[in-house]
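Quick notes on the structure that follows.
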Amino acid sequence: MRQSKFFTKAVKELPKDETSFNAKELIRAGFVDKVAAGIYSFLPLGLKVHEKICQIVREEMDAIGGQEISMPTLIPKESWETTGRWKSFDVLFRLAGADKKEYGLGATHEEVITPLMKKFISSYKDLPAAPYQIKTKFRNELRAKAGLIRGREFSMKDMYSFHKDQKDLDDFYEVAIEAYFKIYKRLGLEKITYLTYASGGSFSKYSHEFQTLTEAGEDIIYICEKCRVAINKEIISEQKSCPKCGNKNLIEKKAVEVGNIFKLGNRFSKPFGLVYMDEKGEKQDVVMGCYGIGPSRLMGTIVEMNHDERGIVWPEEIAPFKVHFIEMKSKEAKVRQEAEKLYNDLTKKGVEVLYDDRENVSAGEKFAEADLIGCPYRLVISEKTLAENCVELKKRSDKELKMVKISEIKF
RNA sequence: CGGGGUGUGGCCUAGUUGGCUUAGGGCGUCUGGUUUGGGACCAGAAGAUCCUGGGUUCGAAUCCCAGCACCCCGACCA
C-alpha cells in the first residue's frame with residue numbers, strides 16, 4: 003500500500019477529552035474515527051487490524067468444530083418475548099418498525115440461534131453442533147467509555163454449542179477454554195489473561211470470564227498466581243479462595259473482560275422447545291453453551307498494552323502492515339527507482355508493506371508517523387543506505403538500527 | 001441514572017471581572033519558493049452558527065435560565 007494514496011492522515015495533536023490510551027492513539031494515528039460516545043468508524047488501517055483479530059478468532063473456532071454463520075441484527079420482538087427478555091434485558095435497543103412491528107437490535111443471539119437450530123436438530127445424531135458468527139452487536143449502555151473498550155456498538159464473536167447432555171457440554175466447554183487461550187496467545191495477551199470465575203449464567207454456578215490485566219479495565223479480580231485463575235469481585239463474597247487449590251492469598255488486580263463463556267443448560271432450549279430424540283426414543287432438552295469474545299474490545303485492549311510515548315507498537319500477527327517502508331527524498335532518481343523495485347519485490351513475495359512514497363514530507367514527519375502507526379518493522383532507503391547497497395532496518399519495539407543488504411532482506 | 005469537568009475554523013487553543021475582538025495564535029489545507037535522517041522554513045490565501053435556544057444589556061464568546069454533546073468517577077453491565 004502506498005501511503006501517498008491514503009485518504010487518512012495522522013495528526014500531531016491528541017484529541018482533547020480522550021484520556022484512554024486506545025482512544026487517543028487510535029484516533030490520532032487514523033485507525034478509527036469517533037462518531038459519538040461508544041460509536042466508531044473503522045478506517046482502512048483500523049479495519050485491517052480488526053479483520054486480522056477476527057481471522058485469528060475464526061481460525062481457532064473452526065479448529066474446535068465451529069461453523070461460521072451470520073444472523074440478523076434486527077430481531078423481532080416476538081423472539082425476545084419467548085424468553086422473557088423483551089422486558090428484562092435492560093441494554094437491549096428496542097425500536098419500532100413500520101406497521102406496528104417492533105424489533106430488538108442484536109445484543110446477543112440466543113433468541114435467533116435456538117429456533118434456527120430447532121430446524122436442524124431432531125436426533126442425538128445431530129449433536130453436538132457449534133455455530134458461531136462475528137457480528138456487530140448493539141448494547142444500550144448507560145455509559146460508554148474508554149474508547150473501544152466499552153461501546154454501544156461493537157464487534158463480537160458469539161458461538162453457541164448444542165449438546166445431548168451435561169457431560170458433553172462440560173467437555174466441549176474445556177475445549178473452548180483452550181481455544182480461547184490460543185487466541186490470547188496469538189494476540190500476545192496470554193501471560194496477563196486469566197480464566198476468571200464470575201457470576202453464573204442462569205443454569206450453572208459460575209460463568210467464566212477471560213480477564214486481561216490492565217489499568218484501563220473496569221473489573222476488579224482476585225488472582226491465584228499458582229493456578230493462574232481468578233475470581234471476579236462480583237462473587238468474592240461467596241467464593242473467597244481459589245476454586246482450584248483453595249489458596250486464600252489472592253491478589254487484587256484491575257482487568258478488562260476480553261471473553262465470557264456460559265453454560266446455558268436448557269435456559270433457551272426450553273422456551274423454544276429445542277429437544278432431540280435420544281437413543282431410547284425419548285425426548286430430551288438440548289443442552290447449550292455460549293462463548294463470546296469481542297474483537298473490537300480486544301483491539302482497544304491490545305493498544306492499551308502495546309504503546310509508548312511515540313505511538314502504538316502492534317504485535318506482529320495483527321499489525322496493519324508488517325513493514326513500514328520509508329523512502330527518503332533524494333535528488334538522485336536512483337533512490338526512487340530502487341525503492342519502487344524493493345516495494346514491488348516485497349509485495350510480490352506476499353510481505354505486507356506500507357510504502358511511504360510521499361514527496362514533500364519531511365523525514366521527521368515520516369518517522370513520527372511510522373512510530374504512531376506502529377508497524378513492527380521499519381525499513382528506510384536513502385542515498386546513504388544505497389551507497390552501500392543497503393536499507394536500514396529497525397524494529398518498532400527496540401532502538402537498534404541495522405544496515406541490511408538489499409539482496410539479503412527477508413521477512 | 002447520580003456526581004464532576006469541558007464545549008471558540010478540520011485539529012490544539014488564547015480571550016471568559018461585558019466594550020480595546022471587523023474573535024488572536026499554532027497545526028493542518030491551498031498557492032509560490034526554499035528544504036529533506038526525527039513533526040524544517042519563507043511569503044501569500046482560504047476557512048468561525050464562539051455547542052443550541054431563550055433572556056439581561058446601549059453592547060454578550062464573556063452574565064442569567066433551559067437544553068444538548070463529549071470526557072471522567074460512581075451505579076449498571078443476560
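Those letters in the first sequence? Residues 3 to 413, by our numbering.
C-beta atoms are modelled at their ideal positions from N, C-alpha and C, and glycine is treated no differently.
Could you check how far apart the C-beta atoms of residue i and residue j are, in whole angstroms? I think they sit under 8 Å.
| i | j | result |
| --- | --- | --- |
| tyrosine 162 | proline 133 | 6 Å |
| leucine 47 | threonine 10 | 7 Å |
| histidine 111 | aspartate 160 | 6 Å |
| leucine 45 | arginine 30 | The Cβ separation is near 12 Å, so there is no contact. |
| arginine 360 | serine 6 | 5 Å |
| lysine 139 | alanine 178 | Wrong, their Cβ atoms sit about 19 Å apart, outside the cutoff. |
| valine 51 | isoleucine 320 | 5 Å |
| alanine 181 | methionine 63 | 7 Å |
| tryptophan 88 | lysine 102 | Incorrect: roughly 15 Å between the Cβ atoms, too far for contact. |
| valine 337 | serine 384 | 6 Å |
For residue i, which residues in the same chain have their Cβ closer than 7 Å to its Cβ, ignoring the five residues on either side in sequence?
| i | result |
| --- | --- |
| lysine 397 | Pro378, Tyr379 |
| threonine 387 | Val393, Glu394, Met405 |
| threonine 21 | none |
| alanine 365 | Met330 |
| lysine 407 | Asn391, Cys392 |
| alanine 146 | Ala39, Gly40, Arg152, Gly153, Arg154 |
In chain order, what residues of the same chain have a beta carbon less than 6 Å from the beta carbon of residue i, not counting five sequence neighbours either side?
| i | result |
| --- | --- |
| serine 81 | Glu113 |
| tryptophan 316 | Gly376 |
| glutamine 241 | Ile233 |
| aspartate 373 | Arg312, Gly313 |
| proline 117 | Phe274 |
| leucine 76 | Tyr105 |
In this structure, how does DSSP classify residue i when only helix, strand and coil are distinguished?
| i | result |
| --- | --- |
| threonine 387 | helix |
| alanine 30 | The residue asked about is misnamed: residue 30 is arginine in this sequence, not alanine. It is helical. |
| serine 6 | helix |
| proline 297 | helix |
| phenylalanine 122 | coil |
| glycine 267 | strand |
| serine 72 | coil |
| alanine 65 | helix |
| phenylalanine 327 | strand |
| histidine 52 | helix |
| proline 130 | coil |
| asparagine 234 | strand |
| leucine 197 | strand |
| threonine 110 | coil |
| aspartate 172 | helix |
| glutamate 15 | coil |
| aspartate 358 | strand |
By Cβ distance below 8 Å, which residues in the same chain neighbour residue i in space, the five residues on each side in sequence not counted?
| i | result |
| --- | --- |
| lysine 194 | A small fix is needed here, since residue 194 is isoleucine in this sequence, not lysine. So the list reads Thr214, Leu215, Thr216, Met307, once near-sequence residues are dropped. |
| valine 288 | Met119, Ile123, Leu129, Phe164, His165, Lys166, Asn268, Ser271, Leu276, Val277, Tyr278 |
| phenylalanine 222 | Inspection of the sequence shows that residue 222 is occupied by isoleucine rather than by phenylalanine. Cβ within range, chain order: Asn234, Lys235, Glu254, Lys255, Lys256, Ala257. |
| lysine 246 | Cys226, Cys229, Val231 |
| glycine 283 | none |
| threonine 349 | Val355 |
| valine 2 | Here the chain comprises residues numbered 3 to 413, so residue 2 is not present and cannot be evaluated. |
| glutamate 281 | Tyr126 |
Use the C-beta contact count for residue i: other C-beta atoms within 10 angstroms, 16 or more gives buried, fewer gives exposed.
| i | result |
| --- | --- |
| glutamine 339 | exposed |
| cysteine 244 | buried |
| cysteine 292 | buried |
| leucine 28 | buried |
| glycine 219 | buried |
| aspartate 358 | buried |
| proline 74 | exposed |
| arginine 141 | buried |
| glutamine 135 | buried |
| alanine 98 | exposed |
| leucine 300 | buried |
| valine 93 | exposed |
| serine 157 | buried |
| valine 13 | exposed |
| lysine 26 | buried |
| lysine 333 | exposed |
| alanine 341 | buried |
Could you tell me which residues DSSP puts in a beta bridge with residue i?
| i | result |
| --- | --- |
| phenylalanine 369 | In DSSP, phenylalanine 369 forms no bridge with anything. |
| threonine 216 | For threonine 216, which the question treats as bridged, DSSP gives no partner whatsoever. |
| serine 90 | Partner(s): none; serine 90 has no beta bridge. |
| methionine 279 | Ser125, Lys285 |
| asparagine 262 | Glu211, Gly294 |
| serine 1 | Beyond the ends of the chain as shown, which are 3 and 413, falls residue 1; an answer cannot be given. |
| glycine 313 | Asp310 |
| leucine 252 | Partner(s): none; leucine 252 has no beta bridge. |
| leucine 395 | Leu381, Lys404 |
| phenylalanine 140 | Glu155 |
| cysteine 226 | Val231 |
| glutamate 104 | Ala98 |
Kindly examine the ligand PLP and report whether one of its heavy atoms sits closer than 7 Å to the Cβ of residue i.
| i | result |
| --- | --- |
| phenylalanine 413 | The ligand content of the structure shown is nil, which means the ligand PLP is not present either. |
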